[in-house]
Amino acid sequence: MNPFAAALILVSTLFHAGWNLLARRRRAEALFFYRLLLIVVVIGLVPAALSEWYVRSLPPTVWLYVLGSGVFCGFYFLFLAKGYAASDFTVVYPVARALPVLLVGLGDVLRGRYPTTMGWAGMLLVALGCLLAPQRSFRDLSPRRYLNRATVWILLTAFSTVGYTMLDKMASEIVTQGPGTAARYGYAFYLFTFLFYALFLRVAQRLGAVEDAAPSHAQDIGWRLPVLGGLFNFGAYWLVLWAYQLTERASYVVAFRQFSIVIGVVLAFILYREEGRWVRITATILITAGLVLIGLRGH
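Mind the numbering: the sequence shown is residues 28 to 326 in my numbering, read in order.
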């Protein structure tokens, strides 16, 4: 795998784990995501519009990709909010990240971009590490940790991730290469994501699937944390979009993004005192070993 692309993704995982932990801090996840996306859209509007007007780095075909990607990511935020509301961070986050690793690998196969044998081995280790992370101990390994009221939302989150990942990777192959283009595409991605998320959230609230945030929750969240979360979120995905331009296989990028689980699990222990230290340390070792395999032999 391209070493520079791997470095970009590893840096992005710091931001990615950070905004997910911020989302769990106040427990009104749906409102937090709404404000996070709104902030990105408002702050980035003028610079993104002006730069694209002068550079024209996004061809017309790309707008179809980014539109579809925004639909998938709008669902992603809605389902992730439901998952976080139903279960622990250290259950929802790792499992929702595990499934896309192998599913995007199948997507690469369908596109004729076959991962190497060692690449598959690395992705399998990463996925196993992700699936092991929700367990509390080796003595009490149980499928019930995966089969709970959050399971449906976790699965839907994972499939949404696969959708926007594949579309964004295909878009990265037809745009003008470079970090500036990645940033402009990223803004369009967040704009459509916000519009569709706002629509999906309103429909879900009307149907009673998502509760309106209580005034106390809205005041508790405020705007400072969503601003920080928005900067983290955009920064993380901007680096990922740039990395897509430098790599042939989306599955390797997705696998490397799971290093955020290592960071997230460690921070969750520190901040939230959640249980299962040793089993989750083993999970982080598996993930790290898988990334080493991909980095060294996933050509």
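Glycine included, every Cβ here is placed at the ideal spot set by N, Cα and C.
Beta-carbon separation (whole angstroms), residue i vs residue j, contact threshold 8 Å
i           : j           : result
residue 288 : residue 314 : 6 Å
residue 95  : residue 194 : 5 Å
residue 128 : residue 32  : Not really, about 16 Å apart at Cβ, beyond 8 Å.
residue 37  : residue 149 : The Cβ separation is near 15 Å, so there is no contact.
residue 311 : residue 280 : 19 Å between Cβ atoms; not a contact.
residue 208 : residue 110 : That belief does not hold up - the Cβ atoms of residue 208 and residue 110 are roughly 32 Å apart, past 8 Å.
residue 224 : residue 61  : 7 Å
residue 254 : residue 66  : 5 Å
residue 263 : residue 42  : 4 Å
Local Cβ density within 10 Å of residue i, reported as buried at 16 or more and exposed below that
i           : result
residue 176 : exposed
residue 200 : exposed
residue 87  : exposed
residue 285 : buried
residue 188 : buried
residue 242 : The pLDDT assigned to residue 242 is 48, lower than 50, so where the model puts this residue is not dependable; a value taken from the coordinates is nonetheless given after this. The residue in question, residue 242, is exposed, as its Cβ has fewer than 16 Cβ neighbours within 10 Å.
residue 139 : exposed
residue 167 : exposed
residue 45  : buried
residue 154 : buried
residue 251 : exposed
residue 377 : No answer is possible for residue 377: it lies beyond the span of the chain, which begins at 28 and ends at 326.
residue 75  : buried
residue 233 : exposed
residue 169 : exposed
residue 304 : exposed
residue 276 : buried
residue 77  : exposed
residue 107 : buried
residue 141 : exposed
residue 270 : buried
Three-state secondary structure (DSSP) of residue i
i           : result
residue 62  : helix
residue 203 : coil
residue 197 : helix
residue 94  : helix
residue 86  : coil
residue 276 : coil
residue 285 : coil
residue 76  : helix
residue 135 : helix
residue 114 : coil
residue 55  : coil
residue 140 : coil
residue 29  : coil
residue 35  : helix
Of the listed residues the options, nearest to residue i (C-alpha basis)
i           : options            : result
residue 221 : 98, 109, 147       : 98
residue 137 : 278, 268, 90       : 278
residue 35  : 308, 151, 272, 253 : 272
residue 104 : 63, 143, 82        : 63
residue 123 : 39, 181, 213       : 181
residue 265 : 40, 28, 30, 29     : 40
residue 158 : 126, 186, 143, 135 : 126
residue 21  : 50, 236, 253, 116  : Residue 21 cannot be examined here, being either before or after the span of the chain that is shown, 28 to 326.
residue 163 : 130, 118, 85       : 118
residue 89  : 216, 316, 226      : 216
residue 134 : 121, 71, 309, 196  : 196
residue 131 : 235, 147, 121      : 147
residue 214 : 55, 58, 258        : 258
residue 47  : 68, 186, 290       : 290
residue 93  : 198, 57, 305       : 198
residue 204 : 84, 68, 151, 121   : 84
residue 145 : 270, 308, 28       : 28
residue 226 : 179, 120, 100, 191 : 100
residue 57  : 229, 191, 69       : 229
Residue i at chain D interface by Cβ criterion, 8 Å
i           : result
residue 188 : Among the chains of the structure shown, chain D does not appear; only one protein chain is present.
(request) Could I get the ranges of all uninterrupted alpha helix (DSSP H) runs contained in the stretch 142 to 187, with 4 residues as the minimum, in chain order? (result) Listed in chain order, they are 144 to 159.
(request) Report the residue ranges of all alpha helix (DSSP H) runs contained in full by the stretch 208 to 265; include only those spanning at least 4 residues, in chain order. (result) Runs of the alpha helix (DSSP H) inside the stretch 208 to 265: 242 to 248.
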